[in-house]
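Colleague:
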Amino acid sequence: MNYDFKDTSKFLSYILRHKPDAIGLTLDPEGWANIEELIAKADISLDRDTLRKVVATSDKKRFAISADGLSIRANQGHSIAVNLGLEPAEPPELLYHGTATRFLESIKVQGLLPQNRQYVHLSADHDTAVSVGQRHGKPVVLTIPALQMHHQGHQFFQAKNGVWLTERVLAGAISD
Ligand code: HQG
23 MNYDFKDTSK FLSYILRHKP DAIGLTLDPE GWANIEELIA KADISLDRDT LRKVVATSDK
83 KRFAISADGL SIRANQGHSI AVNLGLEPAE PPELLYHGTA TRFLESIKVQ GLLPQNRQYV
143 HLSADHDTAV SVGQRHGKPV VLTIPALQMH HQGHQFFQAK NGVWLTERVL AGAISD
């Protein structure tokens, strides 16, 4: 059962963050998909109950259902341009970015770039950053002086699931 949910979660991440047109779906400008339409077009077996359970049990709270219950969207992680309607917020003094050692050389030259996503993703705690980095290889955690950057005019946003987002982090601000 859990395995099915994991597959459904991966499917939803792919469709709602990266490629809605893979199943002929269009998201609205805020990234919402109509649930009826998603279920009808999904090429995996999907129903409302499963969707609700995936949203409720997602370890990282990856998805949200709209207040009227009609739509679903990803809370963060998009590569397609969506307006999540997040207000700039004051971040904690330090945030963490988990990455793999093989990216360090490039990051030290270019800083942190969003790569394929809309934002650079930052974690509020060190342990979470380790697991994010592990997805890419041998993990290393970079420390970002977020509050200081905020005071210097860099904007930070906090997604509904707690993940912090920013457009880029300059190389000079990063320490490991
Ligand atoms: C790296 C997951 C070379 C960056 C996670 C990262 C997160 C550079 C990779 C969310 C670079 C991009 C996002 C540069 C950045 N040179 N490499 N200049 N700048 N990079 O997957 O942050 O489980 O797009 O360090 O938990 O790993 O999917 O970003 O290693 O919250 O819900 O380029 O996705 O959430 O990788 O992960 P990603 P991320 P989910």
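Adding 22 to a residue's 1-based position in the sequence shown gives its number in my numbering.
Virtual Cβ for every residue (Gly too), placed ideally from N, Cα, C.
On a predicted model such as this, the values are computed, not experimentally measured, just so you know.
Checking 8 Å against the spacing of the C-beta atoms, do G120 and G155 come in under that value?
Modeller: Contact flag set, yes.
Colleague: Let me know the secondary structure DSSP gives I45 once reduced to three states.
Modeller: Helix at I45.
Colleague: Using a Cβ-Cβ cutoff of less than 6 Å, which residues in the same chain neighbour N24 once the five nearest sequence positions on both sides are dropped?
Modeller: The pLDDT assigned to N24 is 45, lower than 50, so where the model puts this residue is not dependable, and the model offers no usable value.
Colleague: Does ligand 1 have even one heavy atom less than 7 Å from the beta-carbon of A168?
Modeller: Checking every heavy atom of ligand 1 against the Cβ of A168, none is found closer than 7 Å.
Colleague: Near S88, what residues of its chain come up, given a Cβ to Cβ distance below 8 Å and the 5 sequence neighbours on each side ignored?
Modeller: For S88, where only same-chain residues beyond five positions count, the Cβ hits under 8 Å are W54, I94, R95.
Colleague: Exposed or buried, what is T188 when buried is set at 16 or more other beta-carbons lying within 10 Å of its beta-carbon?
Modeller: It counts as buried.
Colleague: Buried or exposed: which applies to A181, given that a residue is buried once 16 or more other Cβ atoms fall within 10 Å of its Cβ?
Modeller: It counts as buried.
Colleague: Over the uninterrupted alpha helix (DSSP H) stretch that includes T150, give me the two end residues.
Modeller: Looking at the DSSP string, the run of the alpha helix (DSSP H) that includes T150 is 148–156.
Colleague: Who pairs with Q132 in a beta bridge, going by DSSP?
Modeller: Answer is none; Q132 lacks a bridge partner.
Colleague: Mind reading off the beta-carbon distance from L133 to R70? Whole number of angstroms is fine, and I expect it under 8 Å.
Modeller: The sequence given here has Gly at residue 133, not Leu. Actually they are not in contact, since the Cβ atoms of G133 and R70 sit about 43 Å apart, beyond 8 Å.
Colleague: Would you kindly check if the distance between the Cβ of V76 and the Cβ of L34 is under 8 Å?
Modeller: Yes. Within cutoff.
Colleague: Below 7 Å CB to CB, which residues in the same chain sit around P113 once its five sequence neighbours on both sides are set aside?
Modeller: So the qualifying residues of the chain are A168, L169, H172, F178, W186.
Colleague: Are the beta-carbon atoms of L126 and V152 separated by less than 8 Å?
Modeller: Not closer than 8 Å, so no.
Colleague: So, at 7 Å on beta carbons, what are the nonlocal neighbours of K160 in its own chain, with the 5 sequence-adjacent residues on each side left out?
Modeller: The answer, listed in chain order, is A122, T123.
Colleague: Since R139 and S101 should fall inside the 8 Å C-beta cutoff, what is the C-beta to C-beta distance between them, to a whole number of angstroms?
Modeller: Confirmed, Cβ separation roughly 5 Å.
Colleague: With H, G and I counted as helix, E and B as strand and the rest as coil, what does DSSP make of Y141?
Modeller: Reduced to three states, the DSSP call for Y141 is coil.
Colleague: Pull up the CB-CB distance for S128 and T165, whole angstroms please, since I reckon it's below 8 Å.
Modeller: Not quite, the Cβ-Cβ distance comes to about 18 Å (not below 8 Å), so this is no contact.
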